[in-house]
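Presented below is the structure to which this report refers.
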């Protein structure tokens, strides 16, 4: 696999995301300067005998307000390095040979954003608790082809911004629910990192439905990777508790020794079903244990519960500090050279086993997968009665590296583009990636992007490595998954939530016949690929357009709306 090249682009500008302006407008400062409701009893302060006293009090109040405002600022507003964050002016990479010192100075924007959003000292609010990507790069210059410009172009957000405005009824009920000390819910979550994230999201929602305190979820040992990580090793527990303190009570352990009762729920259940089935029993027993939550809770919930899902996924589930710091460090190494592509390639051995698909590496590798599948049929998640060809034509097989390379080229990705490969070790090793490396030699993984020893502590921690992939992928200019799944859906929704960053969803059903057609010219193939994907590049897409869409992947309209002012 090729090491990354230092490709220095003269056509890159750095534009702060609209989301950054939004965060500033919704910072704690907004609550400081907002006007409180008037108290009728204080009207006499404005009578003539008390005017002097009133103005003196006002002067003292304004003085303390100024001091308070300054104490909230992470850096002086007079510092010129903060100006890009406060105004639409961009930082231009105008020279192809700028020094490392210039790199650092021009990277100040991202560092400041990280400092502002990641402060451990301030109480988390919805405006500063969300994990945001590094600012998007703009494209200027005459040496960029129209196809390349179109490829890097970010989709418009159409004015949609996060709007987790819970109803009055929800907030009134929160006063009671967040003080709950009689009902408790314990949850064990399974699968890979992003499945665990989904199950944690639903665990919080179910705790809310049952008006129960939630014990910090237990990450069950993954049967494929053997990862024994605990919740606190992957996620920031303190942040998780504080972010949800207005929704559910989250505790680290049970405060009593009562015997927990394990419960099971079927797939696609509604809040009404859960409450009618378990609320009275939970009152009697006190503690429930719930396992295997994947896809058990309905995707179609009342608006407040959909917002709660978004709050958990995009705000509360922040990664633990060591993971976050390393992920951000790797993301900066990619970002500092200009825009980059993140590919989530599902080429691992277990993926080929589970999907019932062929690797494209030849009979030797396909035989290995077939034998594993026969000996462990429980791993097969695809339909048993479908052949490989039927699965492939139905779009149920991952794209291999050759197919991903052809798709990227057809969509206008330049051959010198820097590509970050997220995902585990591909089955077949370097051979599996060779077609992609041939077309895009500046392809890197976290392993060769990291410096000596940086990843050593996570050598047997697949969840931590997946979290690092998540962080680096979030800051990419373009994200493309080779296969649907939990990571693809999580990245789709998160990138939408923080400003509709470009996300290309391969239209596998329509493109596969073209991939098989050897008579089609490169020009015709490219033209057809662009037409197939023109409406699937991260533009706002309503969850409600199709039933059973996950709000974590489609946050519009429940969690994002068009609004002229901050609404957090």
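In full-length UniProt numbering, the protein residues as written are 1 to 568. Glycine included, each C-beta is placed from N, C-alpha and C at the ideal position.
Rounded C-alpha distance that separates residue i from residue j
{"i": "residue 473", "j": "residue 258", "result": "44 Å"}
{"i": "residue 325", "j": "residue 477", "result": "20 Å"}
{"i": "residue 4", "j": "residue 357", "result": "At residue 4, the pLDDT of 44 sits below 50, so the modelled position is not reliable and the matter cannot be decided from this model."}
{"i": "residue 272", "j": "residue 205", "result": "13 Å"}
{"i": "residue 354", "j": "residue 380", "result": "4 Å"}
{"i": "residue 556", "j": "residue 547", "result": "14 Å"}
{"i": "residue 128", "j": "residue 311", "result": "12 Å"}
{"i": "residue 144", "j": "residue 414", "result": "9 Å"}
{"i": "residue 523", "j": "residue 529", "result": "10 Å"}
{"i": "residue 37", "j": "residue 167", "result": "Here residue 37 scores only 37 on pLDDT, less than 50, and its place in the model should not be relied on; the value that follows carries that caveat. Those two C-alpha atoms are separated by around 20 Å."}
{"i": "residue 228", "j": "residue 197", "result": "16 Å"}
{"i": "residue 175", "j": "residue 246", "result": "8 Å"}
{"i": "residue 12", "j": "residue 140", "result": "Bear in mind that the predicted position of residue 12 carries a pLDDT of just 46, short of 50, making it too unreliable to give a figure here."}
{"i": "residue 445", "j": "residue 560", "result": "33 Å"}
{"i": "residue 443", "j": "residue 152", "result": "17 Å"}
{"i": "residue 234", "j": "residue 518", "result": "46 Å"}
{"i": "residue 169", "j": "residue 486", "result": "32 Å"}
{"i": "residue 531", "j": "residue 277", "result": "49 Å"}
{"i": "residue 429", "j": "residue 181", "result": "52 Å"}
{"i": "residue 267", "j": "residue 370", "result": "30 Å"}
{"i": "residue 562", "j": "residue 155", "result": "16 Å"}
{"i": "residue 372", "j": "residue 388", "result": "16 Å"}
{"i": "residue 337", "j": "residue 329", "result": "13 Å"}
{"i": "residue 242", "j": "residue 543", "result": "28 Å"}
{"i": "residue 161", "j": "residue 303", "result": "16 Å"}
{"i": "residue 352", "j": "residue 400", "result": "11 Å"}
{"i": "residue 255", "j": "residue 207", "result": "17 Å"}
{"i": "residue 461", "j": "residue 192", "result": "11 Å"}
{"i": "residue 439", "j": "residue 506", "result": "18 Å"}
Supposed close pair residue i, residue j - CB separation, criterion 8 Å
{"i": "residue 183", "j": "residue 213", "result": "7 Å"}
{"i": "residue 437", "j": "residue 132", "result": "In fact, because the Cβ distance is near 31 Å, the residues do not count as touching under 8 Å."}
{"i": "residue 581", "j": "residue 398", "result": "Outside the displayed range of the chain (1 to 568) lies residue 581, so it cannot be described from this structure."}
{"i": "residue 217", "j": "residue 189", "result": "5 Å"}
{"i": "residue 582", "j": "residue 334", "result": "A query on residue 582 cannot be resolved here, the shown segment of the chain reaching from 1 to 568 and no further."}
{"i": "residue 617", "j": "residue 232", "result": "Because the chain here runs from 1 to 568, residue 617 falls outside it and cannot be looked at."}
{"i": "residue 466", "j": "residue 194", "result": "7 Å"}
{"i": "residue 393", "j": "residue 512", "result": "6 Å"}
{"i": "residue 261", "j": "residue 285", "result": "5 Å"}
{"i": "residue 282", "j": "residue 406", "result": "Not really, about 54 Å apart at Cβ, beyond 8 Å."}
{"i": "residue 244", "j": "residue 230", "result": "About 19 Å separates the two Cβ atoms, so there is no contact after all."}
{"i": "residue 551", "j": "residue 558", "result": "6 Å"}
First through last residue of the alpha helix (DSSP H) which encompasses residue i
{"i": "residue 309", "result": "303–311"}
{"i": "residue 494", "result": "486–497"}
{"i": "residue 533", "result": "522–533"}
{"i": "residue 206", "result": "193–209"}
{"i": "residue 437", "result": "430–439"}
{"i": "residue 330", "result": "321–335"}
{"i": "residue 404", "result": "401–410"}
{"i": "residue 136", "result": "Counting along the chain, residue 136 falls outside any alpha helix (DSSP H), though it belongs to the beta strand (DSSP E) covering 136–139."}
{"i": "residue 344", "result": "Per DSSP, residue 344 belongs to no alpha helix (DSSP H); it is in the beta strand (DSSP E), 340–344."}
{"i": "residue 288", "result": "Not the alpha helix (DSSP H): residue 288 falls in the beta strand (DSSP E), residues 287–291."}
{"i": "residue 172", "result": "168–177"}
{"i": "residue 213", "result": "Element bounds for residue 213: not the alpha helix (DSSP H) but the beta strand (DSSP E), 213–215."}
{"i": "residue 511", "result": "508–516"}
Residue i vs residue j beta-carbon contact at 7 Å
{"i": "residue 489", "j": "residue 495", "result": "no"}
{"i": "residue 537", "j": "residue 504", "result": "yes"}
{"i": "residue 295", "j": "residue 270", "result": "no"}
{"i": "residue 305", "j": "residue 187", "result": "no"}
{"i": "residue 209", "j": "residue 274", "result": "yes"}
{"i": "residue 475", "j": "residue 331", "result": "yes"}
{"i": "residue 525", "j": "residue 410", "result": "yes"}
{"i": "residue 342", "j": "residue 479", "result": "yes"}
{"i": "residue 569", "j": "residue 533", "result": "An answer regarding residue 569 cannot be provided, because it is not within the stretch 1 to 568 covered by the chain."}
{"i": "residue 469", "j": "residue 422", "result": "yes"}
{"i": "residue 327", "j": "residue 200", "result": "no"}
{"i": "residue 307", "j": "residue 164", "result": "yes"}
{"i": "residue 535", "j": "residue 395", "result": "no"}
{"i": "residue 211", "j": "residue 177", "result": "yes"}
{"i": "residue 148", "j": "residue 412", "result": "yes"}
First and last residue of the uninterrupted beta strand (DSSP E) at residue i
{"i": "residue 188", "result": "184–189"}
{"i": "residue 161", "result": "160–162"}
{"i": "residue 418", "result": "418–422"}
{"i": "residue 480", "result": "478–481"}
{"i": "residue 261", "result": "261–263"}
{"i": "residue 562", "result": "560–562"}
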